[in-house]
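Following: one structure in structure tokens, then a few remarks.
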Amino acid sequence: MEKKRNWFAELLGFTEDSEYINKYQQDANVRSGIYMAVIVVGLEVFMIIRYLYRYLIKYPDKYEITVESFFKYTKSYWIFLGVGLVMLIYGILYISGRIRRSNVISNLVIIGFSGVCLYFGILTSLGDFQKGKMIICFLTMALFVACLLIWKPYISLLLLTAIASFFAEYIKTRAVNEATGEAMELGSGDFINYVTFFISATVIAISIYHQRHRVAVESEKLFTLSITDELTGIPNMHRFAEDAEAFCRTHKECIYLFFNIENFKIFNDQMGFEYGNEFLVGFGRLVADTFKDCPYARQADDHFVALAGSDYRSKIDALRDGISRISDYEGYIDVKVGGFMPEDKTMNPLICVDKARYAAGTIKNRSDEHFRLYDAKLDKVFRDRAYVLNNIDKAIREGYIKVYYQPVMRSEDEKLCGCEALVRWIDPDVGFLSPGAFVPILEESRQIHKLDKCVYEIVCKDLRSTLDRGLPIVPVSLNFSRLDFELMNPVEVLEELVTKYDIPRDYLHVEITESALTSDDTTLQSYVDIFHEKGYAVWLDDFGSGYSSLNVLKDFKFDLLKIDMVFLRNFGEKQESETILRNIIRMAEEVGMDTLCEGVETKEAVDFLEQAGCGRLQGYFFGKPMPYDDFLSMIERGEFEISRKLL
Ligand code: C2E
Ligand code: MG
Ligand code: MG
Numbered sequence: 002m003e004k005k006r007n008w009f010a011e012l013l014g015f016t017e018d019s020e021y022i023n024k025y026q027q028d029a030n031v032r033s034g035i036y037m038a039v040i041v042v043g044l045e046v047f048m049i050i051r052y053l054y055r056y057l058i059k060y061p062d063k064y065e066i067t068v069e070s071f072f073k074y075t076k077s078y079w080i081f082l083g084v085g086l087v088m089l090i091y092g093i094l095y096i097s098g099r100i101r102r103s104n105v106i107s108n109l110v111i112i113g114f115s116g117v118c119l120y121f122g123i124l125t126s127l128g129d130f131q132k133g134k135m136i137i138c139f140l141t142m143a144l145f146v147a148c149l150l151i152w153k154p155y156i157s158l159l160l161l162t163a164i165a166s167f168f169a170e171y172i173k174t175r176a177v178n179e180a181t182g183e184a185m186e187l188g189s190g191d192f193i194n195y196v197t198f199f200i201s202a203t204v205i206a207i208s209i210y211h212q213r214h215r216v217a218v219e220s221e222k223l224f225t226l227s228i229t230d231e232l233t234g235i236p237n238m239h240r241f242a243e244d245a246e247a248f249c250r251t252h253k254e255c256i257y258l259f260f261n262i263e264n265f266k267i268f269n270d271q272m273g274f275e276y277g278n279e280f281l282v283g284f285g286r287l288v289a290d291t292f293k294d295c296p297y298a299r300q301a302d303d304h305f306v307a308l309a310g311s312d313y314r315s316k317i318d319a320l321r322d323g324i325s326r327i328s329d330y331e332g333y334i335d336v337k338v339g340g341f342m343p344e345d346k347t348m349n350p351l352i353c354v355d356k357a358r359y360a361a362g363t364i365k366n367r368s369d370e371h372f373r374l375y376d377a378k379l380d381k382v383f384r385d386r387a388y389v390l391n392n393i394d395k396a397i398r399e400g401y402i403k404v405y406y407q408p409v410m411r412s413e414d415e416k417l418c419g420c421e422a423l424v425r426w427i428d429p430d431v432g433f434l435s436p437g438a439f440v441p442i443l444e445e446s447r448q449i450h451k452l453d454k455c456v457y458e459i460v461c462k463d464l465r466s467t468l469d470r471g472l473p474i475v476p477v478s479l480n481f482s483r484l485d486f487e488l489m490n491p492v493e494v495l496e497e498l499v500t501k502y503d504i505p506r507d508y509l510h511v512e513i514t515e516s517a518l519t520s521d522d523t524t525l526q527s528y529v530d531i532f533h534e535k536g537y538a539v540w541l542d543d544f545g546s547g548y549s550s551l552n553v554l555k556d557f558k559f560d561l562l563k564i565d566m567v568f569l570r571n572f573g574e575k576q577e578s579e580t581i582l583r584n585i586i587r588m589a590e591e592v593g594m595d596t597l598c599e600g601v602e603t604k605e606a607v608d609f610l611e612q613a614g615c616g617r618l619q620g621y622f623f624g625k626p627m628p629y630d631d632f633l634s635m636i637e638r639g640e641f642e643i644s645r646k647l648l
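Throughout the sequence shown, residue numbering follows our numbering, covering 2 to 648 in sequence.
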């Protein structure tokens with residue numbers, strides 16, 4: 002229930018403010034103090050210079066000034082100047098964060114400074130009053146102190162009433178007409194001016210207070226939004242990073258933890274989006290309860306982070322125990338945790354979280370592991386990954402990406418009928434990299450299309466230069482990643498290159514790996530159709546490597562089935578391999594697809610596959626992937642004879 006508001010208490014400022022608002026106002030006061038101090042210091046320096054000018058230059062004979070008399074007559078300037086300097090220096094140190102921001106000390110400095118301002122205002126104005134002039138200096142000082150600084154309204158009221166009464170009393174007891182030596186009092190006109198001034202000053206001070214208070218409240222709201230996760234209401238990463246730095250300074254042992262809710266996608270699909278959100282809110286609360294004395298946050302989606310001390314194990318257990326209590330979901334839901342203990346505790350918290358996240362990612366589909374610490378082994382993988390991601394653009398730009406070609410033989414004549422383009426990264430710093438070291442990383446980071454485009458262009462260039470030299474060419478098969486179909490339009494890319502380099506379309510084959518396929522992927526199905534329409538052959542790569550069901554064969558129209566090398570792994574040892582291979586080849590033939598078997602390493606395998614009716618063979622038995630020049634030389638030297646049946 003909303004608390005009833007007490008307007009009167011609010012008007013006079015008797016309500017409690019949050020720590021944020023108090024600090025906001027304190028900072029604003031120190032800042033105002035600096036402006037005031039600059040004026041005071043400037044004014045007092047001017048007064049001292051004016052004094053010296055008057056008595057040393059303008060009227061040098063009027064008075065004889067000694068060091069003693071100089072200080073005697075300028076004493077008040079020096080005091081005022083000193084206090085102004087204290088305020089100025091303290092304010093600058095405070096705002097620049099070079100000293101601890103203590104409320105007590107800053108209040109003392111501000112109150113001391115204000116007191117001196119008012120006191121000198123009174124002194125100066127008393128002198129003016131005695132000369133029968135207005136008391137502007139004191140009134141200005143009162144405005145200066147009451148309206149530039151933020152006082153609670155009841156304090157402004159008390160302050161202005163007190164100093165007004167004090168000044169009236171002061172005049173009554175101290176003011177003496179300088180000419181006649183008689184005691185003086187405020188005349189009624191002056192008195193009315195004077196009272197009007199103090200009423201106005203009080204109203205202005207209170208109204209300024211409320212305006213500034215409103216700004217502070219709005220600023221607090223924005224600040225809270227900027228450090229809070231919108232959905233769960235727990236801190237966000239911005240806040241986490243700040244808290245983590247403070248935590249690391251005060252704790253001997255620190256471990257960054259990254260939580261990934263396992264199976265959350267399925268939970269969301271089954272239970273609906275809203276229920277999924279409720280679950281995240283519940284999990285956020287669980288993290289907050291479990292790590293209440295530590296920094297914690299929601300990073301994004303179903304990812305949360307925390308920074309714990311040496312008792313992190315028990316906290317992880319508590320979190321895992323608590324997850325079943327968040328909802329009555331009956332399916333499997335758990336949390337995978339990655340941990341990173343920085344050796345250097347001043348390390349950027351966001352980088353530490355990244356490492357913990359990476360560790361959590363390595364146990365993603367392992368049902369038996371729930372916690373993985375980021376260790377030296379993972380560090381190597383992490384660094385390699387970072388190297389790939391940070392250098393791929395440079396590698397493409399500088400030509401470190403090379404294409405190797407592996408021969409494909411027709412089994413009926415054992416002659417060359419094509420080749421497969423396989424990418425290599427030959428880096429001047431780290432040396433030779435196989436696709437296994439960077440293709441999965443580029444896929445995961447959705448950058449694989451950059452690499453593939455580059456590979457296709459190199460292949461087209463190589464083919465063009467061979468044609469230009471009047472040499473024969475063989476068809477080249479190109480590997481396409483599933484993500485190429487999401488990240489670019491692969492047909493357009495290939496068409497552009499084919500036109501640019503003027504390559505016959507039937508000399509380029511499209512290889513799509515089995516893991517890319519799902520029956521309901523209509524986009525991919527239509528791409529296969531478009532490739533066919535344009536005149537490219539489309540091959541299914543790595544068939545049997547264990548990803549999809551046979552069902553996909555009826556939904557996609559492939560020209561050729563590339564049988565994965567797993568079937569030849571224990572060739573000769575297991576009779577079953579032969580039976581399976583023979584049946585795959587027969588099945589492909591029956592649905593109208595050619596066949597190619599990968600990983601052919603021995604003469605026995607060649608003989609068997611020929612006899613089983615496999616159309617093409619690829620493997621180390623015929624040749625490893627090699628640079629294009631080597632490939633051409635082998636053709637030139639007759640080591641590879643080109644088959645008459647290329648297409
Ligand atoms: P893949 O398309 O199935 O390519 C065949 C892989 O088997 C090649 O490995 C090749 O060197 C290897 N291989 C060929 N014959 C034999 C053999 O007799 N024995 C053994 N043990 N291995 C053999 P590589 O070049 O390391 O490529 C690995 C995978 O990387 C490729 O598998 C393909 O999925 C991917 N890849 C290669 N180049 C590209 C590319 O340009 N783009 C994309 N997206 N992926 C590529
Ligand atoms: Mg391939
Ligand atoms: Mg393959």
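C-beta atoms are modelled at their ideal positions from N, C-alpha and C, and glycine is treated no differently.
Can you tell me whether DSSP reads residue i as helix, strand or coil?
i      : result
Cys295 : coil
Gln619 : strand
Met2   : Only weak support is given to the placement of Met2: the predicted model assigns it a pLDDT of 49, under 50, and the question is left unresolved by the model.
Gly277 : helix
His304 : strand
Ser435 : coil
Met88  : helix
Leu13  : helix
Phe372 : strand
Val177 : strand
Met348 : coil
Ile643 : strand
Pro154 : helix
Met489 : coil
Assuming residue i and residue j make a contact with CB atoms under 8 angstroms, what is their CB distance in whole Å?
i      : j      : result
Ile317 : Phe280 : That belief does not hold up - the Cβ atoms of Ile317 and Phe280 are roughly 19 angstroms apart, past 8 angstroms.
Ala589 : Asp560 : Actually they do not touch by this definition, with Cβ atoms about 11 angstroms apart.
Tyr171 : Leu127 : 7 angstroms
Leu618 : Val475 : Actually they are not in contact, since the Cβ atoms of Leu618 and Val475 sit about 14 angstroms apart, beyond 8 angstroms.
His533 : Asp485 : In fact, because the Cβ distance is near 17 angstroms, the residues do not count as touching under 8 angstroms.
Gly149 : Met37  : Here the sequence assigns Leu to residue 149, which means Gly is not the residue at that position. With 8 angstroms as the limit, Leu149 and Met37 qualify as a contact, their Cβ atoms being about 6 angstroms apart.
Pro236 : Tyr297 : 7 angstroms
Could you pull the start and end residues of the beta strand (DSSP E) that residue i belongs to?
i      : result
Met410 : Ile402 to Arg411
Gly514 : Note that residue 514 is Thr in the sequence shown here, rather than Gly. From DSSP, the beta strand (DSSP E) with Thr514 extends over Leu509 to Thr514.
Cys138 : Premise fails: Cys138 lies in the alpha helix (DSSP H), Ile137 to Leu149, not in any beta strand (DSSP E).
Gly593 : It is not in any beta strand (DSSP E) - Gly593 carries neither H nor E in the DSSP assignment.
Gly340 : Asp335 to Phe341
Leu481 : One detail in the question is off: residue 481 reads as Phe in this sequence, not Leu. Val477 to Phe481 is the extent of the beta strand (DSSP E) around Phe481.
Glu183 : Run containing Glu183: none; DSSP gives neither H nor E here.
Asn261 : Ile256 to Glu263
Ile564 : Leu561 to Ile564
Lys416 : Lys416 to Asp428
Using only CA atoms, which one of the options lies nearest to residue i?
i      : options                           : result
Asn264 : Val196, Asp230, Gln212 and Tyr333 : Tyr333
Ala422 : Gly616, Asp28, Val511 and Lys378  : Val511
Arg411 : Gly128, Tyr74 and Leu597          : Leu597
Ser325 : Phe268, Pro296 and Gln526         : Phe268
Ile397 : Val87, Phe439, Ser201 and Ile474  : Phe439
Tyr210 : Glu11, Val306 and Glu275          : Glu11
Glu605 : Gln300, Val592, Tyr629 and Gly620 : Gly620
Gly536 : Arg570, Asn552 and Leu495         : Leu495
Asp463 : Val499, Asp230 and Met135         : Val499
Glu599 : Val529, Leu541, Asp380 and Thr363 : Leu541
Asp608 : Ser634, Met635, Glu579 and Asn584 : Glu579
Ser70  : Lys59, Leu53, Pro473 and Arg583   : Leu53
Ala309 : Glu370, Asp244 and Val177         : Asp244
Trp152 : Asp522, Phe622 and Ala29          : Ala29
Can you give me the start and stop residues for the alpha helix (DSSP H) that residue i sits inside?
i      : result
Trp540 : Where Trp540 is concerned, there is no enclosing alpha helix (DSSP H), although the beta strand (DSSP E) it sits in stretches over Ala538 to Phe544.
Gly190 : Ser189 to Ile228
Leu464 : Ile449 to Asp469
Arg386 : Ala377 to Glu399
Arg32  : Glu20 to Leu53
* To do: Starting from the N-terminal end, write out each residue whose C-beta falls within a distance shorter than 6 angstroms of any non-hydrogen atom of ligand 2.
  => Output, sorted by chain position: Glu421, Asn480, Glu512 and Asp542.
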